[in-house]
Every structure is written in C-alpha cells, then in structure tokens.
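Using this note's numbering, the letters of the sequence shown correspond one by one to residues 11 to 243.
Don't be surprised by glycine CBs; every beta carbon is placed ideally from N, CA and C.
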Amino acid sequence: MTKRIVDYVLEEWLRSQTDSGSREPAKLKVTWQHRVQYAVGHAIHDYFTLEPAVRIHTPIQVLLNRRWPRSKATFKDSLHYWQVYNVIVAQLTRITGELIYEYPLALYESWETKVKELDRHLSVIFQAVWPSRLGPHQVKVQKFLVENNEELVKAFVHTAHVFWHSAYGEPPGEIEVFALLDDRKYVFTREMLDLQKSLDYVLLLAETWDAQNAAEQADKREGKADCQVPAGT
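What follows is the structure, given as structure tokens:
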C-alpha cells in the first residue's frame, strides 16, 4: 500500500516538536493558537467567498468575531487576549484590503496527488490560491500562520512546491506565508525553489514522523502487555 503524507498532521507534529524543544512525544492539547488559527481560517474563507461589492461593506472583523474564542482561559491573561485580538484584526484588515477586488482560485481546499519520486500520496490543504501577476498561467499560494515559526514556513514551502510540481509539472509562481502576530511576510518566487531540496526535505520529514509514530505505537503495545495479568494468578 502506498504511504500517504498529510500536511496538517505533519504540521501539528512539527509544531509540537519546535514548541517543546524536544523530540519526546508531545501531548495534543488545544491551545489559544489553535483557537485563533481556527477563527482566522474561517474569517478568510468567509470574506473571500463574498463578491467584491459585498466585501467593501463587510469588515473582516465582523466575520472574525463569529468564531473568535469567547473564553480567555487558554490565553496568558485578559490583556494578552485583547492584544492578540487587536493585532489579528489589524493584520487581516490590511491583508484582505489589498485583495478586496481579487477572485481566488481556491479557498481552504484539500488536494491530493501522487508524488512518483517519493512513491507516496501527498495531501495538502491550500488556504488561498490566486492568479499570479508574475506571468500567465501562474498562481500565488498563500498560507496564514498565527505566530512566526520558521520550521513551519520551511515545511509548507517545500510541501507546496513538491505538490505543485507533481500535480502540474511546474512550481507555483509565488508562495507567500504570513505570520500575523509578528507582522512577517515571507515571499518565495519559483526561481528560489529547488525541486530536489524540496523532495529531500518532505521525504525526511515524513520518514522522521513515521519512525517516531511507530516507536510510540510500540511503546503503547509494550505498556499494555506489561499491564496484563497472567491467567491463573
């Protein structure tokens, strides 16, 4: 059976590794970053599904508020909660304002392709795909992160590059990654991308995750075996 690489699974695993600073298995828990990322994603999707004439009269803050976390429990304190909210609103207002009349090609769609060089299926969620101004038949791929994380940026760029080359025979025209709270914008043009480096990176990331996941499953089976009481005792 051909193995499958799922981008959001690797992303969550990679985030847990970089956040903890360790390669030990990390417990999955819902953080304020998860909740904010969820609200941001839906706000962007809802905004750009509107016609430009409607967007003009629809502040993205209104759409963000629909799913913004009501509880402050996972934030550091009330001040932190409102600081994050205000920065996210300002960033999304600025970014969407620059694209207010544009029509996206795709919004938060999960696409899958077979990467023959890796002998694996690759599934990627693309948050926003736009026509690129760099040339005809080229696209701009966008990703929105709540916080700056260079490992996640690198992972997305390599993964998107491998996907696009495998599915369409060429790299995307541009890849943009926004780190909202840090006011950072990473831009990668197709000339900056190296296919072999991207293939090597994605394969290494997938194999590392596979190995750790297999080790965790083995530990769980061993733990269950140790807990079993022999019959007749």
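{"Asked": "Would you grab the beta carbon distance between Gly179 and Leu144 for me? Rounded to a whole angstrom, and I think it's under 8 Å.", "Found": "With 8 Å as the limit, Gly179 and Leu144 do not qualify as a contact, their Cβ atoms being about 17 Å apart."}
{"Asked": "Are three or more beta carbon pairs between the stretch 131 to 138 and the stretch 146 to 162 nearer than 8 Å?", "Found": "yes"}
{"Asked": "Would you check if there are 3 or more beta carbon pairs closer than 8 Å linking the stretch 159 to 178 to the stretch 196 to 213?", "Found": "yes"}
{"Asked": "What span of residues does the alpha helix (DSSP H) with Ile284 cover, start to end?", "Found": "Since the first residue of the chain shown is 11 and the last is 243, residue 284 is not available in this structure."}
{"Asked": "Tell me where the beta strand (DSSP E) around Tyr196 begins and ends.", "Found": "Arg194 to Thr199"}
{"Asked": "Report yes or no: do the stretch 41 to 61 and the stretch 75 to 95 share at least 3 C-beta pairs separated by less than 8 Å?", "Found": "yes"}
{"Asked": "Checking the sheet assignment: what are the DSSP bridge partners for Pro141?", "Found": "Val149"}
{"Asked": "Roughly how many angstroms separate the alpha carbons of Leu215 and Ala63, rounded to a whole number?", "Found": "43 Å"}
{"Asked": "Is it the case that the stretch 91 to 105 contacts the stretch 187 to 194, given that we only count it when at least three CB pairs across the two stretches are under 8 Å?", "Found": "yes"}
{"Asked": "I need the straight-line Cα distance from Ile54 to Ile70, nearest angstrom please.", "Found": "8 Å"}
{"Asked": "Leaving out five residues before and five after Phe85 in sequence, what residues of the same chain have Cβ atoms less than 6 Å from its Cβ?", "Found": "Trp42 and Tyr91"}
{"Asked": "Pick from Glu108, Glu217 and Ser26: whose alpha carbon is nearest that of Val40?", "Found": "Ser26"}
{"Asked": "Tell me the start and end of each unbroken alpha helix (DSSP H) in the stretch 41 to 71 that is at least 4 residues and wholly inside, in chain order.", "Found": "42 to 58 and 62 to 65"}
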